[in-house]
Amino acid sequence: MAVVIYETWTPPAPLDRFIQNFWYWETDDAPSYAKDTIMASAHMGILINLREDRLRWYGGEGFRIKNKLRGIALCGTHARNFAIDALQPRMMGVRFQPGGAWPFFGPTGMDFFNNHLSLDDFWGNNRAHSLHMQLVETKGVMPKFRVLLKALLDHAPRPLEHSAAVSMALERFDRAPLSSRVKRAADDADLSQKKFIRHFTQEVGFTPKLYLRVKRFHRLLDRVWTLPAVDWAPLAAEHGYYDQPHLIRDFREFCGFTPTQYLALRGPYQQHLPLPE
Numbered sequence: 092m093a094v095v096i097y098e099t100w101t102p103p104a105p106l107d108r109f110i111q112n113f114w115y116w117e118t119d120d121a122p123s124y125a126k127d128t129i130m131a132s133a134h135m136g137i138l139i140n141l142r143e144d145r146l147r148w149y150g151g152e153g154f155r156i157k158n159k160l161r162g163i164a165l166c167g168t169h170a171r172n173f174a175i176d177a178l179q180p181r182m183m184g185v186r187f188q189p190g191g192a193w194p195f196f197g198p199t200g201m202d203f204f205n206n207h208l209s210l211d212d213f214w215g216n217n218r219a220h221s222l223h224m225q226l227v228e229t230k231g232v233m234p235k236f237r238v239l240l241k242a243l244l245d246h247a248p249r250p251l252e253h254s255a256a257v258s259m260a261l262e263r264f265d266r267a268p269l270s271s272r273v274k275r276a277a278d279d280a281d282l283s284q285k286k287f288i289r290h291f292t293q294e295v296g297f298t299p300k301l302y303l304r305v306k307r308f309h310r311l312l313d314r315v316w317t318l319p320a321v322d323w324a325p326l327a328a329e330h331g332y333y334d335q336p337h338l339i340r341d342f343r344e345f346c347g348f349t350p351t352q353y354l355a356l357r358g359p360y361q362q363h364l365p366l367p368e
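Per our numbering, the very first residue in the sequence shown carries number 92; after that it's consecutive.
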């Protein structure tokens with residue numbers, strides 16, 4: 092029988108406003124397929140390969156372009172899908188809240204947009220490599236989480252806070268996504284729309300409009316992920332899509348597949364789709 096270990100930990104306040112969770116994954120099970128596709132996401136993350144000093148992901152037509160980084164990578168917000176190896180024997184990482192990576196790294200969110208970057212680029216090769224080795228050698232999942240958290244706090248170049256405008260907008264967009272308007276958020280923050288969009292994009296890695304679109308898409312996926320069959324028309328209207336062609340366009344853009352293809356490909360993990368050979 093395959094062994095699968097999956098553990099998560101959400102840090103206490105106020106860190107939980109920025110970090111959704113730390114996660115650890117270990118398995119000896121080899122999937123029957125080679126790659127998973129990862130859908131568009133407003134969440135940045137840290138990815139750490141504990142088995143080897145390499146991370147791989149794939150892009151381009153048919154995911155034929157192979158990219159590699161050393162053992163710790165920063166995964167930015169993504170407005171399109173990309174692929175990873177389905178076999179990931181031993182991994183850990185961080186899933187940030189939307190905009191949550193802002194205090195921890197010097198570049199803006201847009202510097203990470205649709206990209207993976209090496210931690211070496213920000214902390215230097217020696218510090219990043221030393222952290223990677225420490226995480227590999229530390230025994231126990233929770234001690235690994237604490238080592239990684241301490242490293243993040245020690246290297247954070249900004250205070251643990253968002254600008255008032257972005258903090259207010261994130262709360263509003265999540266509380267009332269269908270009725271939220273970018274201009275209203277800018278007016279309430281006493282900023283021009285252009286300046287508000289610039290602040291939001293710097294801290295979150297998406298424009299406000301794109302953020303609302305991607306979050307709407309994932310709210311819909313939350314509804315349909317476990318349903319055996321889906322009547323798309325009422326669900327599309329309920330989630331603010333004008334019609335089914337509008338829904339299909341977002342599926343193709345953010346997921347890479349049509350709604351019907353998505354239902355056929357669903358696997359055990361909500362953010363991953365097993366790629367057919």
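Don't be surprised by glycine CBs; every beta carbon is placed ideally from N, CA and C.
All values reported here derive from a predicted model rather than from experimental measurement.
Candidates K230, R142, D341, of which the one nearest T118 by Cα: Counting from 1 along the sequence shown, the entry for residue 118 is found at position 27. Taking only the C-alpha atoms, the option nearest T118 is R142.
Cα-Cα separation, L222 to N140: Translated into positions along the sequence shown, residue 222 becomes position 131. Translated into positions along the sequence shown, residue 140 becomes position 49. In this structure, the alpha-carbon of L222 lies about 12 Å from that of N140.
Reduced DSSP category for G184 - H, G, I as helix; E, B as strand; rest coil: Reading the sequence shown from its first residue, position 93 is the one you call residue 184. Strand, per DSSP.
Residues sharing a beta bridge with R147, DSSP: On the sequence shown, position 56 is the one that residue 147 refers to. K159, per the DSSP bridge assignment.
Own chain partners of F196 with C-beta closer than 6 Å, once the 5 adjacent residues on each side are dropped: The count along the sequence shown starts at 1 and reaches residue 196 at position 105. Correct list, in chain order: F213.
In DSSP terms, what G136 is bridged to: For the purposes of this step, residue 136 is identified with residue 45 of the sequence shown, where counting begins at 1. Per DSSP, C166, R186.
Check whether F187 and M135 have beta carbons under 8 Å apart: The residue given as residue 187 occupies position 96 in the sequence shown. The residue given as residue 135 occupies position 44 in the sequence shown. Contact check for F187 against M135 passes: the beta carbons are separated by less than 8 Å.
Contact between the segment 159-168 and the segment 252-260 (3+ Cβ pairs under 8 Å): Three or more Cβ pairs closer than 8 Å define a contact, and the segment 159-168 falls short of that threshold against the segment 252-260.
Burial state of S370, where buried means 16 or more other Cβ atoms lie within 10 Å: A question about residue 370 goes unanswered here, because the residues of the chain that appear run from 92 up to 368.
Per-residue burial, K126 [other beta carbons within 10 Å of its own, 16 or more giving buried]: Within the sequence shown, residue 126 is the residue found at index 35, counting from 1. K126 should be labelled buried.
Three-pair Cβ contact test at 8 Å for the segment 328-343 versus the segment 224-240: Pairwise C-beta distances place the segment 328-343 out of contact with the segment 224-240, as fewer than three of them are shorter than 8 Å.
Residue of M201, H309, N205, I175 minimising C-alpha distance to Y370: With the chain covering only 92 through 368, there is no way to say anything about residue 370.
A170 burial status per 10 Å Cβ neighbour count (16 or more: buried): Translated into the one-based positions of the sequence shown, residue 170 becomes position 79. Buried is the label assigned to A170, since at least 16 other Cβ atoms lie within 10 Å of its Cβ.
Spatial neighbours of Y302 in its chain, beta-carbon cut-off 8 Å, leaving aside the 5 residues before and after: By 1-based counting over the sequence shown, the position of residue 302 is 211. A133, P189, F264, F291, V295.
Test: K157 CB closer than 8 Å to a CB of chain C: Any reference to chain C falls outside this structure, which holds one protein chain only.
Those residues which DSSP pairs with N217 across a bridge: Translated into the one-based positions of the sequence shown, residue 217 becomes position 126. Partner(s): none; N217 has no beta bridge.
Residue span of the beta strand (DSSP E) that contains Y97, given as start and end: Position 6 of the sequence shown, counted from the first residue, corresponds to residue 97. Judged by DSSP secondary structure, Y97 falls within the beta strand (DSSP E) whose first and last residues are 95-100.
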